[in-house]
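Quick notes on the structure that follows.
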Amino acid sequence: MATDLTVVLDDRAGQLAHMGEALGDAGVNIEGFCATTDDGVGIVHVLVENAMVAQNALILADIKIEGEADAVVIDLTDEEAGRPGTLGRVAGRVANAGINISVAYLATRDRAVLVTSDNEKAREALQI
Amino acid sequence: MSGKLRSARHAEEMVARLTEAAALTEHAPIFVPGRSASKPESIELATRAEEARRLAPAHDLTESWTGRTPAKGEGRGQWMPTDLGVTVEDRPGGLADIGEALGNAGINIEGLCGMGLGDRGVIHLLVEDGAAARAALEGAGLTVESESEAIVSEIPGDVNTPGTLGKMARAVAEAGVNMRAVYLATNNRAVAVTDDNAKALAALGM
C-alpha cells in the first residue's frame with residue numbers, strides 16, 4: 028500500500044539532500060514527491076511503498092515526520108497525462124462527492140497521488 | 003512514449019544517438035531550458051546542448067521537457083517551462099477550480115504539487131505557457147502568487163532505483179543554491195524552482 032509521509036525540514040540548502048540520502052541509503056525508493064517552502068520551513072510529501080522502512084530511515088537520520096497517510100494513487104493513461112482537463116475531471120469528481128483533497132501531486136510513471144478527507148469515498152468516486 | 007519507438011531498429015538507433023549525445027554532455031541526456039541559452043554564463047552549456055540536439059532525435063529532446071511532440075513549424079524556443087504558485091481556500095473543489103480553469107483554456111498541467119497549509123492550499127503547477135495559464139487562472143478568479151522559470155529534467159536512470167533525489171539535491175545544495183519547490187511532472191520528469199537556476203543547472207551538469 029502506498030503511503031504519503033509528511034516531512035518538515037529547515038529551509039536551507041542540503042536538507043532535502045539529507046532526506047533523499049537517508050531514504051536512498053535505506054533502499055527506499057521515492058515513488059512520488061512534492062516539496063515546497065512556507066514560512067521558513069520546507070514541507071515535503073513523499074510517496075513510499077513501505078512506510079515502516081521509510082520512517083525508520085528518516086528517524087535514524089533525525090528527520091521529523093509530521094504525518095503519515097494512506098494515499099489514493101491513480102494511474103494516468105498517456106492520453107490523460109498529456110491532455111488538458113484531467114486534473115479538473117479527477118478533482119471535480121472528488122469534490123462533487125464532498126471530499127476535501129489535502130495533498131495532490133504526481134508520482135513516477137504518470138501516476139497522480141491524492142490524500143483526502145475520505146480516501147474510501149474518493150476511490151469510489153474515481154471508480155478505482 | 004513507447005509508442006514512438008516504432009521498431010526495434012529505431013530504438014537501437016535512438017539509443018546509439020543518445021549515447022553519443024550523452025558522451026558530449028558527460029551525463030545522461032539532459033536538457034537546457036531555452037532561456038538559459040541566451041545568458042552569457044550558459045554559453046558553454048548551451049553549446050554542448052546544441053551539440054546534443056544536433057545528434058539526438060529532435061522529438062526526444064522536445065518531449066523530455068514539454069511532454070508532447072511539437073506540431074510542424076513550432077519552435078522549441080517558444081516553450082518556457084514555468085512554475086506557477088497558486089493559492090486557494092482549503093475546501094472541496096479548490097483544486098478542481100484550478101484544473102477546470104486550465105482545462106477549459108486547453109492548457110495541460112505538466113507537473114503538480116499541492117498541499118493544504120492551515121486554511122489555504124498552496125499549489126505549484128508546471129505549464130508550458132506561463133502567461134496563458136496565468137490569464138486562464140486569473141480569469142477564473144484564482145490568485146496566482148508566483149511565476150518562475152522552472153528547471154525540468156528527466157529523472158536520470160531507472161525511476162525505481164533508490165537514491166536519485168539525494169544525489170540531485172546534494173549536487174544543487176553543494177552549489178549553495180536553495181530550492182523553493184521541487185516536484186514531479188509527467189513522463190518521469192523532475193521540476194525544481196531555485197533561487198539561482200543557472201548555478202543549479204551547472205551543478206546538475208545541465
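Line by line, the protein sequences give chains F and D. Take the first sequence: its letter number 40 is residue 67 in the numbering used here, and every next letter is one higher. Take the second sequence: its letter number 186 is residue 188 in the numbering used here, and every next letter is one higher. Even glycine gets a Cβ: it sits at the ideal position worked out from N, Cα and C. Just so it is clear, the structure is predicted and the values come from calculations on it, not from any experiment.
In this structure, DSSP gives Leu127 (chain D) an extended state, which the three-state scheme calls strand. For secondary structure counted as the beta strand (DSSP E) over 3 or more consecutive residues, the region 84-125 of chain F holds these complete runs in sequence order: 91-97 and 99-102. In the DSSP assignment, Ser155 (chain D) forms a beta bridge with D:Ala192. Taking 8 Å as the threshold, the shortest C-beta distance from Ala98 (chain D) to chain F falls below it. Taking 8 Å as the cut-off, the Cβ atoms of Met46 (chain F) and Val75 (chain F) do not count as close.
Assigned with DSSP and collapsed to three states, Met181 (chain D) falls in strand. By the neighbour-count criterion, in which a residue is buried when 16 or more other Cβ atoms sit within 10 angstroms of its Cβ, Gln154 (chain F) is exposed. Of the candidates D:Val184, D:Leu128, D:Leu114 and D:Gly108, D:Leu128 places its Cα closest to the Cα of Met82 (chain D). Using a CB distance cut-off of 8 Å, Asn146 (chain F) does not count as an interface residue toward chain D. Taking a 10 Å sphere around the C-beta of Asn127 (chain F), we find 16 or more other C-beta atoms and assign the residue as buried. Close to Arg182 (chain D), with beta-carbon spacing below 8 Å, are these residues of chain F in chain order: Thr63 and Thr64. Among the residues of chain D, those whose CB is under 9 Å from the CB of Thr135 (chain F) are Ile157, Val161, Asn162, Leu186 and Asn190, following chain order. For Glu102 (chain D), the chain F residues whose C-beta falls within less than 9 Å of its own C-beta are Gly112, Leu114, Gly115, Arg116, Ala118 and Gly119, listed in chain order. For the region 104-124 of chain D, the set of positions with a beta-carbon nearer than 7 Å to some beta-carbon of chain F reads Leu104, Gly105, Gly108, Ile109, Asn110, Ile111, Gly113, Leu114, Cys115, Gly116, Met117, Gly118, Leu119 and Val124 in chain order. The bridge partners DSSP lists for Arg122 (chain D) are D:Glu91 and D:Leu119. In the three-state DSSP reduction, Asp66 (chain F) falls in the coil class, being neither helix nor strand. Contact annotation, Gly96 (chain D) with Ser148 (chain D): C-beta distance approximately 17 Å; criterion of less than 8 Å not satisfied. Exposure of Ala133 (chain D) is indicated by the presence of fewer than 16 other C-beta atoms within 10 angstroms of its C-beta. Taken through DSSP and simplified to helix, strand or coil, Leu206 (chain D) comes out as coil. When beta bridges are read from the DSSP output, His72 (chain F) appears opposite F:Thr33 and F:Cys61. Taking all protein chains shown into account, Gly105 (chain D) has 16 or more neighbouring C-beta atoms within 10 Å of its C-beta and is therefore buried.
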